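Going by numbering that gives the first Met the number 0, the final residue of the sequence shown carries number 365, and the count climbs one at a time with no gaps. All C-beta atoms in this analysis are idealised placements derived from N, C-alpha and C, irrespective of residue type, glycine included. Given the structure is predicted, the values throughout are model-derived calculations rather than measurements.
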Amino acid sequence: MPVFDFTLLDVPRAAPPADPDEYLRTAIAWHFGEATGSAFWLATAKELDFDPLTDVQTYADLRWFPNLVNELRDVPVADLIPRGYGSPPPVPLIFESGGTTGAPKRTVQLPDWVEQVLQWQVQDFRSAGFAPGRDMLCLMPSGPHGVGYFTRRVSAQLGSTFHAVDLDPRWVKKLVARGASAEVSAYVDHVLDQARFVLRTQDVANLQTTPPLLEAIARRDDLVDLVNDTVRFMMLSGAHVTPDSMDILRQIFPATTISMVFGSTMILSQAMTRTPEADSAHFIFDPRSPYVVFWVVDPETREPVADGERGQVVMHHISKGMFLPNNLERDSAIRSQGPQGQVGDSLSVVTPVGSHDGETVVEGVY
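The structure is reproduced here in structure tokens:
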């Protein structure tokens, strides 16, 4: 057996490892090594019809893994922590998915990975146009969801006072699923009324929210006026928006820079956003490879679609703290070429699929 330098997996780091395949092989040795792997993957390895330690050499080989993310709904989180972190291991943060396709899935984020993601997000907000030192209002989920946690920490690092209005996306999805449109509207008004109190009294120049909530803000003249008075930067995430809707939002909020990020609980982070040209609403999202890799495939054959064609998104997460390969996600996207050196595809015009794993996909407000 080759000897691996596991320091290659250490984060945070300013630049990713130079050789993606070497990184992948090192991560496989870590997650499937008896002394370093997690109880979950060591048990799973016994059921596989291939040997990850010898058979996985390149990212293309990740297709051999079954998609096991649904097991994250039930597996004890202690079984997900690699033994290589020591005993006792660092205390992890546990973040859950939004429950769009059933019971929530849980991911483990250890302190080293949390710091890496925080560094990335600070860069993302700063480069997208965040107004440092001026207040931020966050209309996003907190609780079991990662977005509220990270945005609070990003705001602090950028010297901005943080104001929050909580959001329960799971409740809204239930309302949408049973057709309770009046209750959905009442809940959205409840969230926006709280936002109005902050916007009316505080120096809020930065706003993070979801596209459906921003569209709801745009329908209320009182909130449009408040936003246009002070907000100069908006970050949208958590749901999808069409290019036509983005064009309209930019007309309603002409003095505000509107950016967007694409993230997922199952990649434990968010992609980098290529800022569109001034006359374009088409964002392109580049994964942070070699830690995160996207494929855009035909959902029936799992073969890659052509560049510029639409397919379903397969996500892979490979880090020291977690290994989540070959996850066919609930998102559809147009396949785009990534920057030089990137592993896998980039995404644009991301939309939800109609159903996934036998469940109707309900997006709601997040």
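Taking the Cα positions, Asp220 is about 11 Å away from Arg195.
Counted as a single uninterrupted DSSP element, the alpha helix (DSSP H) harbouring Thr150 occupies residues 145–156. With distances taken between CA atoms, Asn69 lies nearest to Leu323 out of Val349, Leu323, Val348, Ile333. With 16 or more other CB atoms across the displayed protein chains lying within 10 angstroms of its CB, Gly343 is buried. Within its own chain, the residues whose Cβ lies closer than 6 Å to the Cβ of Asp330, once the five positions on either side in sequence are excluded, are Val312, Val349, listed in chain order. The continuous stretches of alpha helix (DSSP H) do not include Trp63, and DSSP gives it neither H nor E. About 5 Å separates the CB atoms of Leu206 and Met233; that is less than 8 Å, so the two are in contact. Between Val90 and Asp111, the alpha-carbon positions lie close to 11 Å from each other.
Here the C-alpha atom of Pro11 lies approximately 35 Å from the C-alpha atom of Leu198. Contact holds between the region 163–177 and the region 134–142, because three or more Cβ pairs, one in each stretch, are under 8 Å apart. In this structure, the beta-carbon distance from Val187 to Asp134 does not fall below 8 Å.
Burial is judged here by how many other beta carbons sit within 10 angstroms of a residue's own beta carbon; Ser154 has at least 16 and is buried. In the DSSP annotation of this structure, the continuous segment of the beta strand (DSSP E) that includes Gln207 starts and ends at 203–208.
Fewer than three pairs of CB atoms, one per stretch, sit closer than 8 Å, so the region 279–292 makes no contact with the region 38–57. Secondary-structure assignment with DSSP links Gly310 through a beta bridge to Ala332. Going by beta carbons, Leu8 and Tyr58 fall outside the 8 Å limit. Between Val116 and Ser345, the beta carbon gap of about 19 Å keeps them out of contact (Cβ cut-off 8 Å). Rounded to the nearest whole angstrom, the CA to CA distance from Val175 to Pro351 is 15 Å.
DSSP places Arg177 in no alpha helix (DSSP H); its state is neither H nor E. In this structure the region 78–96 does not touch the region 45–52; the number of beta carbon pairs closer than 8 Å is below three.
By the 16-neighbour rule on beta-carbons within 10 angstroms, Asp73 is exposed. In the assembly as shown, Gly145 is a buried residue. Its beta-carbon has 16 or more other beta-carbons within 10 Å. As the crow flies, the alpha-carbon of Trp63 is around 14 Å from that of Trp294. For Ile247, the uninterrupted alpha helix (DSSP H) run begins and ends at 242–251, by DSSP.
Beta-bridge pairing by DSSP links Gln269 to Gly262. Excluding its 5 nearest sequence neighbours in each direction, Met321 has C-beta neighbours in its own chain below 7 Å: Leu79, Thr106, Val107, Leu267, listed in chain order.
Between the alpha carbons of Leu225 and Glu182 lies a gap of roughly 25 Å. In chain order, Val153, Leu157, Met234 place their CB closer than 7 Å to the CB of Phe124, counting only its own chain and leaving out the 5 sequence neighbours on each side.
Short of 8 Å from the beta carbon of Val304, and not among the five residues preceding or following it, lie these beta carbons of its own chain, in chain order: Val295, Val296, Asp297, Gly310, Arg334. Under a 10 Å Cβ-count criterion, Val292 is classified as buried, with 16 or more other Cβ atoms of the shown protein chains found around its own Cβ.
In the three-state scheme derived from DSSP, where H, G and I count as helix and E and B as strand, Ser236 is classed as coil. When the Cα atoms are used, Arg301 and Gln120 turn out to be separated by approximately 31 Å.
In this structure, DSSP gives Arg231 a state outside helix and strand, which the three-state scheme calls coil.
Under a 10 Å Cβ-count criterion, Thr229 is classified as buried, with 16 or more other Cβ atoms of the shown protein chains found around its own Cβ.
Here His316 is buried: its Cβ has 16 or more other Cβ atoms, across all protein chains shown, within 10 Å. DSSP lists Leu92 as the bridge partner or partners of Gln108.
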